[in-house]
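Shown next, in structure tokens, is the structure this report addresses.
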Amino acid sequence: MNSAIIANCRLVSPGVDLEGAYILIENGKVAQVSASPIAKEGVAVIDGAGLTAMPGFVDVHCHGRNNFDFCDGSEEGVEVMAKNKLAEGVTTLLPTTLTLPEEELAAALKSIASYKQNYCKIPGVHLEGPFINPKCTGAQNPAYVRKPDIEEVKRLNAIFPVKKITFAVEEEGGAELVGELLSMGITPSCTHSAAKYPEFMAAYNNGLRNLSHFCNQMSPLHHRDIGLVGAGLLHSDVYAELICDKLHISPAMIQLVFKVKGPDHVVLITDAMRAAGMPDGEYSLGGLPVIVSEGAARLKEGGALAGSTLQLAVAVKNISEVTGLPLKELVKSSSLSAANALGLQGIGKVEPGYAADIVLLDKDFNCKVTIVDGEIRYDAR
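Dropping the structure here:
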């Protein structure tokens, strides 16, 4: 099914909050949005009473779910993760890799390349590392950190499209890598970095406009050198990705970032690891042992945060509760801002001409229906 009418829902899209809305889907795209009933013979009707329709969520930073990791190199794992991300309302996903040897990254991309696009859309991957600062590894494996290498990027990109790379711009060749990536249509992003503000500016002048998991594993704000945190707050055109689980970033910091930057330049991410959707227990991330307790994932040695178990629908609920901002503004952060940051066209809004990637949520932000290209791919009603 790629033609349908969503009837009598609350529609929330960037700048739009409409009760009693009707959405006509034809040929996988939004064809019409109306405040009154739409009559169309022979078209399935989805009852939206009591539900809120929003653009399908875009998660540009996700390592795993359901006890799989994209770096496992498992074709079955890719299918399971892509299917279960639909239960979070995610319709577009960037599988995210770790700092590992090139052969393991290549195997991961080969498994993703086999994916048939039958659940979430996967337009490409996000390489988090391996070109990071060895002093800012966090939960990344320091044994595999290496200097920026555009030739390695080209080899991996030939296996499956690379859409984003997170690296440390202060490392040798880092500022130059920004321009090289942009010329390939890849979004450069900085984190796992100790860059001082002048080093950020060298990369910014080459086109850097993205900061991965903002505030985490990056140079902090200081009154004599504002670092990456200060740079992200100062430059309004820089996209700040937030793990809004209220653990990686405090509620007060979430409020501050949204107040300073606005939802247009905040991107909600999960940074989820294999324990997402699983019970507490022992897991691993990039070969490092991880303990998950009360939903918090931490390295067994040292206790550093090791990704999250966050689901995107929960992140949307959290920012709504924490900021109190209108949902028609916050909705930008769960879809459109990510699409804009990556240059992905035709997603992030529920309006005519856009892909019919839509999530229907109940009043508690639980995902009830996820539609991808006009097709119901998840239904929990």
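So the sequence shown is numbered by this note's numbering: it starts at 1129 and just counts up by one. Each residue gets a CB set at the ideal place from its N, CA and C atoms; glycine is no exception.
Whole alpha helix (DSSP H) runs in the stretch 1210–1296 with 4 or more residues, listed along the chain?
Correct list: 1230–1241 and 1278–1287.
Q1439: buried (16+ other C-beta within 10 angstroms of its C-beta) or exposed?
Taking a 10 Å sphere around the C-beta of Q1439, we find 16 or more other C-beta atoms and assign the residue as buried.
Straight-line CA distance for G1252 to H1189?
Taking the straight line from one Cα to the other gives about 11 Å.
Compare the Cα-Cα distances from A1181 to each of F1196, G1156, D1408 and L1146 and report the closest residue.
Of the candidates F1196, G1156, D1408 and L1146, L1146 places its Cα closest to the Cα of A1181.
Would you list, in sequence order, the uninterrupted beta strand (DSSP E) runs of no fewer than 3 residues that lie entirely inside the stretch 1395–1444?
Runs found: 1409–1413, 1416–1421 and 1424–1427.
I'd like the list of long-range same chain contacts for A1210, defined as Cβ closer than 7 Å, with 5 residues on each side in sequence excluded.
If we look at A1210 and ignore the five residues flanking it on each side, its Cβ neighbours are L1221, Y1243, Y1247, C1248 and I1250.
Quick one: what's got a C-beta closer than 7 Å to A1466's C-beta in the same chain, skipping five residues either side?
So the qualifying residues of the chain are V1186, V1188 and V1395.
If you scan the stretch 1158–1182 from start to end, which runs of the beta strand (DSSP E) of 3 or more residues do you find wholly inside it?
Within the stretch 1158–1182, the runs of beta strand (DSSP E) that reach at least 3 residues and sit entirely inside it are, in chain order, 1172–1175.
N-terminal and C-terminal residue of the beta strand (DSSP E) that G1148 is part of
Note, G1148: beta strand (DSSP E), V1144 to E1154.
Given G1148, which residues of its chain have a CB within under 7 Å of its CB, disregarding the five upstream and five downstream residues?
For G1148, same chain residues with a beta-carbon under 7 Å away, outside a window of 5 residues either side, are N1136 and A1163 in chain order.
Cβ shell of A1508 (< 6 Å), same chain only, five flanking positions each side left out:
A distance below 6 Å between beta-carbons, with the five flanking residues on each side excluded, links A1508 to the following residues of its chain, in chain order: K1496.
Starting from F1328, trace the alpha helix (DSSP H) both ways and give me its first and last residue.
That run of the alpha helix (DSSP H) goes Y1325 to Y1332.
Should S1511 be labelled buried (16 or more other beta-carbon atoms within 10 Å of its own) or exposed?
Outside the displayed span of the chain (1129 to 1509) sits residue 1511, for which this structure offers no information.
Are at least three pairs of beta-carbons, each pair with one atom in the stretch 1410–1429 and one in the stretch 1283–1298, less than 8 Å apart?
No: the two stretches stay apart, fewer than three of their Cβ pairs being nearer than 8 Å.
Judging by CA-CA distance, which residue of L1179, T1227 and Q1245 is the nearest neighbour of V1208?
Looking at L1179, T1227 and Q1245, the one whose alpha-carbon comes closest to that of V1208 is Q1245.
Identify every residue that forms a DSSP beta bridge with M1346.
DSSP output for M1346 lists S1321 as bridge partner(s).
Any contact of the stretch 1426–1442 with the stretch 1488–1502, i.e. 3+ C-beta pairs under 8 Å?
A contact exists between the stretch 1426–1442 and the stretch 1488–1502.
When you compare the CB positions of V1161 and E1479, do they come within less than 8 Å of one another, or not?
Less than 8 Å separates the beta-carbon of V1161 from that of E1479.
Residue range of the beta strand (DSSP E) that includes E1457
That residue, E1457, is in no beta strand (DSSP E); its alpha helix (DSSP H) goes L1455 to L1458.
To the nearest angstrom, report how far apart A1323 and L1226 are at their CA atoms.
So the two alpha carbons sit approximately 20 Å from each other.
DSSP state of G1310 mapped onto helix, strand, coil:
The question names Gly, but residue 1310 is Leu in the sequence shown. Helix at L1310.
Kindly list the residues whose CB is nearer than 6 Å to the CB of M1312, restricted to its own chain and excluding five residues on each side of it in sequence; keep chain order.
When the five nearest sequence neighbours on each side are left out, no beta carbon in the same chain lies closer than 6 Å to the beta carbon of M1312.
Nearest to N1194 by CA position, among S1364, G1430, G1409 and E1457, is which residue?
Comparing C-alpha distances from N1194 to each of S1364, G1430, G1409 and E1457 shows the shortest one belongs to G1409.
When the cut-off is 8 Å and only beta carbons count, does K1324 lie next to chain B?
Given the protein chain composition of this structure (a single chain), no chain B is represented.
If I follow the unbroken alpha helix (DSSP H) through S1465, where does it start and stop?
Counting along the chain, the unbroken alpha helix (DSSP H) around S1465 starts and ends at L1464 to L1470.
What whole-angstrom Cβ distance do G1307 and N1269 have, given they're in contact under 8 Å?
Contact flag wrong, Cβ pair sits at about 28 Å.
Here's the rule: buried if 16 or more other CB atoms are within 10 angstroms of the residue's CB, otherwise exposed. What is G1184?
Around the C-beta of G1184, 16 or more other C-beta atoms lie within 10 Å, and the residue is accordingly described as buried.
Bridge partners of L1139, per DSSP?
Residue pairing from DSSP places L1139 in a beta bridge opposite L1146 and A1181.
Report the three-state DSSP secondary structure of V1500 (helix, strand or coil).
In the three-state DSSP reduction, V1500 falls in the strand class (E or B).
Tell me the DSSP bridge mates of Y1482?
Y1482 is not bridged to any residue.
Check the DSSP bridge columns for E1369 and list the partner residues they point to.
According to DSSP, which records beta bridges pairwise, E1369 is partnered with V1395.
With respect to the alpha helix (DSSP H) encompassing K1374, which residues constitute its N-terminal and C-terminal limits?
For K1374, no alpha helix (DSSP H) run applies, since DSSP gives it neither H nor E.
Where N1338 and H1363 are concerned, what is the direct C-alpha to C-alpha distance, given to the nearest angstrom?
Cα to Cα, the separation comes out at about 11 Å.
Using only the alpha-carbon positions, how far apart do T1315 and G1170 sit?
Roughly 43 Å separates the two Cα atoms.
Say whether the stretch 1378–1388 touches the stretch 1445–1463, bearing in mind that this needs 3 or more beta-carbon pairs closer than 8 Å, one atom from each stretch.
Yes, they touch.
Applying the criterion that 16 or more other CB atoms from any shown protein chain within 10 Å of the CB defines a buried residue, is G1257 buried or exposed?
G1257 counts as buried, since at least 16 other C-beta atoms from the protein chains shown sit within 10 angstroms of its C-beta.
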